[in-house]
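*Asks:*
Residue numbers (our numbering): 194 to 494.
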């Protein structure tokens with residue numbers, strides 16, 4: 194009797210920065226290598242970034258001109274305007290870790306007054322603290338080891354990969370909290386209006402929230418707040434509200450078996466049809482199709 198050949202295993206490609214940008218995965222890590230001629234302009238993004246310099250130095254503008262040297266850790270909260278970085282020297286190197294809000298457990302996803310402890314260092318930067326920490330030799334070794342392990346996890350499609358990546362991200366954030374120490378108090382004297390608005394949006398996006406609500410919370414007119422947020426972050430207040438609602442929707446689609454109509458209400462939408470339309474416009478797929486695409490559990494019947 195002829196033997197049936199077993200088809201060879203198809204190796205899935207490693208997840209890339211493009212997958213992260215398309216919200217296909219909540220965490221990305223890779224070598225930090227911004228070389229070439231120094232660029233100009235302002236950058237903002239909807240996710241948090243943690244940069245560890247391991248050799249040489251890098252220059253970047255974030256509230257002011259910064260020079261990062263080996264052992265420095267640069268924190269960039271979502272929506273914080275900053276300039277392009279530039280590594281100096283042929284041997285300069287580092288790591289960059291980026292994560293969307295849904296990478297953390299639900300209790301740690303708020304960036305407002307009820308933020309979970311793991312977001313403390315990034316929240317303090319948002320509130321006016323200096324965005325660069327100095328890691329000692331042990332801390333530096335730990336951070337680099339955990340970033341390498343996250344990169345390795347993302348390169349293989351092993352069972353419980355997302356849980357492993359989430360646990361490693363938690364270790365990175367715990368180390369940052371240790372580095373910050375209890376004496377890191379924000380300097381709110383120079384805190385910009387856009388930062389205040391974003392902090393309020395992130396803390397309240399899942400409830401009823403409008404431009405008028407945000408303006409009232411920061412004590413300025415709606416027109417002024419809308420203009421400042423758009424100018425400094427490149428996005429409107431409405432787009433930021435949508436961003437954080439969609440982040441929570443992705444977290445629930447990936448990690449729970451909630452039905453879409455239930456999920457829509459939990460992320461601020463009473464009309465499930467409207468939620469599905471917005472999700473599809475943002476991600477190119479309906480919530481159910483996106484859930485299948487990332488291999489998340491289907492809702493129970």
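Glycine included, C-beta positions come from ideal geometry on N, C-alpha and C.
Is it buried or exposed, residue 239, if we count other Cβ atoms within 10 angstroms and call 16 or more buried?
*Replies:* Sequence index remark: in the chain shown, residue 239 carries index 46 (1-based). Label assigned to residue 239: buried.
*Asks:* Does residue 476 pass the burial test, meaning 16 or more other C-beta atoms within 10 Å, or should it be called exposed?
*Replies:* As a first step, residue 476 is located in the chain shown; it is residue number 283 there, counting from the start. So residue 476 ends up on the buried side.
*Asks:* Would residue 382 be called buried (16 or more neighbouring beta carbons within 10 Å of its own) or exposed?
*Replies:* Stepping through the chain shown from its first residue, residue 382 is reached at position 189. Residue confidence for residue 382 is low, a pLDDT of 46 falling below 50, so the modelled location carries little weight and cannot support an answer.
*Asks:* Please list, in chain order, all residues of the same chain as residue 357 whose beta carbon is under 7 Å from its beta carbon, the five residues on each side excluded.
*Replies:* As a first step, residue 357 is located in the chain shown; it is residue number 164 there, counting from the start. So the list reads 346, once near-sequence residues are dropped.
*Asks:* Using 10 angstroms around the beta-carbon of residue 389, count the other beta-carbons present and answer buried if the total reaches 16, otherwise exposed.
*Replies:* Against the chain shown, residue 389 aligns to sequence position 196. Buried is the call here.
*Asks:* Quick one: residues in its chain with C-beta nearer than 6 Å to the C-beta of residue 270, no 5 flanking neighbours on either side, listed in chain order?
*Replies:* To locate residue 270, count along the chain shown from 1; it is residue 77. Taken in chain order, the residues that qualify are 241, 315, 318, 319.
*Asks:* Please work out which residues of its chain come closer than 6 Å, Cβ to Cβ, to residue 433, disregarding the five sequence neighbours upstream and downstream, and give them in chain order.
*Replies:* Position 240 of the chain shown, counting from 1, holds the residue named residue 433. 394.
*Asks:* Looking at the structure shown, is residue 241 part of a helix, part of a strand, or coil, going by DSSP?
*Replies:* Along the chain shown, one-based indexing puts residue 241 at 48. In this structure, residue 241 counts as strand in the three-state DSSP scheme.
*Asks:* So which of 223, 265, 438 has the shortest CA-CA distance to residue 397?
*Replies:* Position 204 of the chain shown, counted from the start, is the residue given in the question as residue 397. Of 223, 265, 438, the residue nearest in Cα terms is 438.
*Asks:* In whole angstroms, what is the alpha-carbon distance linking residue 406 and residue 370?
*Replies:* As a working note, residue 406 is residue 213 in the chain shown. As a working note, residue 370 is residue 177 in the chain shown. Near 32 Å, if we compare the C-alpha coordinates of residue 370 and residue 406.
*Asks:* Hey, residue 326 and residue 266: beta-carbon distance below 8 Å or not?
*Replies:* Here residue 326 corresponds to residue number 133 of the chain shown, with the count starting at 1. Here residue 266 corresponds to residue number 73 of the chain shown, with the count starting at 1. It is a contact, given that the beta carbons lie within the stated cut-off.
*Asks:* Does the Cβ-Cβ distance between residue 264 and residue 328 come in under 8 Å?
*Replies:* On the chain shown, residue 264 is found 71 positions in, with the first residue counted as 1. On the chain shown, residue 328 is found 135 positions in, with the first residue counted as 1. Closer than 8 Å, so yes.
*Asks:* Are there any heavy atoms of the ligand MG lying less than 7 Å away from the beta-carbon of residue 349, as far as the coordinates show?
*Replies:* Within the structure as shown, the ligand MG is missing, as the structure has no ligands at all.
*Asks:* Which partner residues of residue 280 appear in the DSSP bridge assignment?
*Replies:* Within the chain shown, numbered from 1, the residue matching residue 280 stands at position 87. Per DSSP, 251.
*Asks:* Hey, would you say residue 482 sits closer than 8 Å to residue 453, going by beta carbons?
*Replies:* Translated into the one-based positions of the chain shown, residue 482 becomes position 289. Translated into the one-based positions of the chain shown, residue 453 becomes position 260. Taking 8 Å as the Cβ cut-off, residue 482 and residue 453 do not qualify as a contacting pair.
*Asks:* Where are the beta strand (DSSP E) runs, 3 residues long or more, that stay fully inside the segment 318-373, in chain order?
*Replies:* Qualifying beta strand (DSSP E) stretches, in chain order: 325-327.
*Asks:* Which same chain residues, not among the five before or five after residue 431, have their C-beta less than 8 Å away from its C-beta?
*Replies:* Translated into the one-based positions of the chain shown, residue 431 becomes position 238. The residues are 404.
*Asks:* Leaving out five residues before and five after residue 310 in sequence, what residues of the same chain have Cβ atoms less than 7 Å from its Cβ?
*Replies:* Within the chain shown, residue 310 is the residue found at index 117, counting from 1. Bear in mind that a pLDDT of 49 at residue 310, under 50, signals an unreliable position, so the number given afterwards is only what the model happens to contain. Once the five neighbours on either side are set aside, the close Cβ partners of residue 310 are 370.
*Asks:* Per DSSP, what are the beta-bridge partners of residue 442 in this structure?
*Replies:* Counting from 1 along the chain shown, the entry for residue 442 is found at position 249. According to DSSP, which records beta bridges pairwise, residue 442 is partnered with nothing at all.
*Asks:* Grab me the residues of residue 148's own chain with a C-beta within less than 6 Å of its C-beta, minus the 5 sequence neighbours each way, in chain order.
*Replies:* No information on residue 148 is available, as it lies outside the stretch 194 to 494 that the chain covers here.
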